[in-house]
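Per our numbering, the very first residue in the sequence shown carries number 1; after that it's consecutive.
We put the CB at the ideal spot given by N, CA and C, even for glycine.
For reference, the structure discussed in these notes is given below.
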Amino acid sequence: MKSPYHRPYIALLLCLTLAASQSSPAKNPYFTLEIPFHKTDSCQTEPGQQSPYIGKVISPFGKRNGRNHTGTDIKLHKGDSVRAALAGRVTRSGNYYGYGLMVVLKHPNNVETSYAHLSKCLVDVGDSIPCGFVVGLGGRTGRATTEHLHFEVHKNKRAVNPEDYFDFASGQVLTALHTEDNPSQLLPVGTEPTYIVVKKGDTLFALAKRHGTTVQTLRTLNQLNSDRLSIGDRLRIS
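Below is the structure:
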């Protein structure tokens, strides 16, 4: 006589056998291994190169009010992220005369990029950072009438037009920075800016005459809205 528990045991054994055969990769011709994908901040438009910020250009590279504007001004809002256009090493991070808070990066092949008028620097001198890393936050420190990024590109110590390499409105990379430039598109950067401290009796006219420049040039260099000077002010003269 068969046990009344015999049939349930047989049914359980058949279920376990069937489950094992369906879960075994060796017996399933459609078995695939799932590999997780991790998103990164790598540059998508040009390997190792990206626009530092996507926004409207409010002042282009070139001649402006009788002087060389050696960078491109891009409108942004205070606190917006400003990113490294290339991987590089930080050579300057902090306040720098009329540029306000500024970060400067040194890249291979004698390329240098600068990010000025920031509200905060997020990297330190000596840091090695990748392309796309946030180097600072947008602002209007230094000589700036509105929040914007002043972005400069130097090749072999000469300023080149950033808009030859980036379409800032779309963020698209136009040309790799390691390509040859047209010498006619280059503007000399020159030496360090020269500053004086305003003393009693100094006027823009007298200072312009003394240093071989013009009143309009001094107004432009220092973004002055009037000719009034205050004793102790630092004034850029070249």
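Cα-Cα separation between Asp73 and Tyr195, rounded to whole angstroms: For the purposes of this step, residue 73 is identified with residue 73 of the sequence shown, where counting begins at 1. For the purposes of this step, residue 195 is identified with residue 195 of the sequence shown, where counting begins at 1. Rounded to whole angstroms, Asp73 to Tyr195 spans 23 angstroms at the Cα level.
Proximal residues to Ser81 (C-beta, below 7 angstroms), its chain only, five neighbours per side dropped: Counted from its first residue, the sequence shown places residue 81 at position 81. These residues qualify, in order along the chain: Val134, Leu137.
Beta-carbon proximity check, Arg92 vs Ser114, cutoff 9 angstroms: Here the question's residue 92 lines up with position 92 in the sequence shown. Here the question's residue 114 lines up with position 114 in the sequence shown. Yes. Within cutoff.
Residues near His154 in its chain [Cβ-Cβ closer than 6 angstroms; skip 5 each side]: As a working mapping, residue 154 is identified with position 154 in the sequence shown. The residues are Glu112.
Spatial distance of Asn161 from Pro60 (CA atoms): Walking along the sequence shown from the start, residue 161 turns up at place 161. Walking along the sequence shown from the start, residue 60 turns up at place 60. Straight-line measurement puts the Cα of Pro60 at about 8 angstroms from the Cα of Asn161.
Residue range of the alpha helix (DSSP H) that includes Arg140: Position 140 of the sequence shown, counted from the start, is the residue given in the question as residue 140. Segment: none, Arg140 is in no alpha helix (DSSP H) and carries neither H nor E.
Inter-residue CB distance, His117 and Leu149 (contact presumed, cutoff 8 angstroms): Numbered from its first residue, the sequence shown carries residue 117 at position 117. Numbered from its first residue, the sequence shown carries residue 149 at position 149. The C-beta distance from His117 to Leu149 rounds to 7 angstroms, short enough to fall under 8 angstroms.
Per DSSP, the bridge partner or partners of Ser128: Stepping through the sequence shown from its first residue, residue 128 is reached at position 128. Its beta-bridge partners are Arg89.
Proximity below 9 angstroms, CB of Asn95 to CB of Thr145: Taking the first residue of the sequence shown as position 1, residue 95 is located at position 95. Taking the first residue of the sequence shown as position 1, residue 145 is located at position 145. Taking 9 angstroms as the Cβ cut-off, Asn95 and Thr145 do not qualify as a contacting pair.
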